[in-house]
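Reviewing the structure listed below.
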Amino acid sequence: MIPFQTMQTRRKSLRVLPFFVAFVLLWLPLGGHLSAQSPVGMGVVLQGGPSWSLGSSFENVPAGRYNLVQPEGNAGVYVTFLQNFRAGLDFSYTRLVREQVNGTLQPMDAGEYLPGSVEGTVYRDFKTHFYAAGVKAEYNLLPKTGPLALYVGTGAGCLFGDGTTWSLAVSNGMLATESKNIVSVKGHNEPHRYVATYIPASLSLEFMFLPQVSLCVGGTYRLVLSKEEIAPQSQVCATMGLRFQLIK
Numbered sequence: 024m025i026p027f028q029t030m031q032t033r034r035k036s037l038r039v040l041p042f043f044v045a046f047v048l049l050w051l052p053l054g055g056h057l058s059a060q061s062p063v064g065m066g067v068v069l070q071g072g073p074s075w076s077l078g079s080s081f082e083n084v085p086a087g088r089y090n091l092v093q094p095e096g097n098a099g100v101y102v103t104f105l106q107n108f109r110a111g112l113d114f115s116y117t118r119l120v121r122e123q124v125n126g127t128l129q130p131m132d133a134g135e136y137l138p139g140s141v142e143g144t145v146y147r148d149f150k151t152h153f154y155a156a157g158v159k160a161e162y163n164l165l166p167k168t169g170p171l172a173l174y175v176g177t178g179a180g181c182l183f184g185d186g187t188t189w190s191l192a193v194s195n196g197m198l199a200t201e202s203k204n205i206v207s208v209k210g211h212n213e214p215h216r217y218v219a220t221y222i223p224a225s226l227s228l229e230f231m232f233l234p235q236v237s238l239c240v241g242g243t244y245r246l247v248l249s250k251e252e253i254a255p256q257s258q259v260c261a262t263m264g265l266r267f268q269l270i271k
């Protein structure tokens with residue numbers, strides 16, 4: 024179950040998004056006017072796509088693999104300088120979902136219970152929401168004479184993990200002293216939070232179809248440095264989006 028305060032934070036973030044988009048659209052004409060006067064460019068990027076979190080100790084057992092792919096949203100602000108270089112701040116959200124199904128129950132302790140009494144955890148649901156914030160520098164491998172650009176980049180950042188592990192346990196005990204069964208079904212919700220550093224490597228192919236707007240297609244690999252066993256060792260995402268050059 025998602026904490027109420029976390030739900031409130033996400034709702035507030037969604038309310039900010041329309042104002043952010045409106046700001047970008049209103050700034051484009053002004054940015055074009057300032058372009059000729061500024062030696063340094065500035066812009067924003069909005070992207071999204073599928074992501075994969077790899078290497079967590081919590082694996083699907085034996086549930087299907089449909090939940091391995093999760094959505095990712097990305098936003099960033101950047102400055103350009105020296106023609107082919109740019110650097111900026113990068114923010115993203117994704118999540119990790121896993122399930123474990125156990126169809127084998129264990130015998131209960133003999134003595135109080137008769138043989139045939141069983142117990143065990145039959146289902147576990149693991150969810151983690153990831154909020155990433157980092158700095159990144161990129162270099163364009165193609166000449167600036169055409170509408171195409173191919174940027175490679177790297178940097179560093181922090182990955183904030185916030186989630187829960189929900190488990191369902193059952194037992195069927197036959198009492199040795201009485202002629203009756205005791206059937207129990209229990210659910211348990213355990214939160215987990217951690218912070219990890221990461222090192223990204225990115226590739227972005229961009230096509231400028233308007234003087235201040237480019238279509239971006241690319242991907243990012245994050246090497247996650249964490250001692251938490253439930254944390255992923257790496258994350259991979261494929262993205263598509265738009266880059267707005269506010270000051271060129």
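For the sequence shown, the working numbering gives the first residue as 24, with consecutive numbering after it.
Note that beta-carbon positions come from the ideal geometry of N, C-alpha and C, so glycine has one too.
Look at the region 94-140 and you find these whole runs of beta strand (DSSP E), each 3 residues long or longer: 108-124. Here Leu91 carries a helix assignment [DSSP, helix/strand/coil].
For Pro223, the enclosing beta strand (DSSP E) stretches over residues Asn204 to Leu233. In this structure, the beta-carbon distance from Ala219 to Lys159 does not fall below 8 Å. The C-alpha of Val206 is placed about 12 Å away from the C-alpha of Tyr136. Contact check for Tyr244 and Ala224: beta-carbon distance about 5 Å, within the 8 Å limit, so the pair qualifies. Within its own chain, the residues whose Cβ lies closer than 6 Å to the Cβ of Glu161, once the five positions on either side in sequence are excluded, are Arg109, Tyr174 and Gly176, listed in chain order.
Segment contact: the region 97-116 against the region 136-146, fewer than three CB-CB distances shorter than 8 Å; contact not assigned.
A straight line joining the alpha-carbon of Lys150 with that of Glu213 spans about 11 Å.
Counting only runs that start and end inside the region 155-194, there is no beta strand (DSSP E) element of at least 3 residues.
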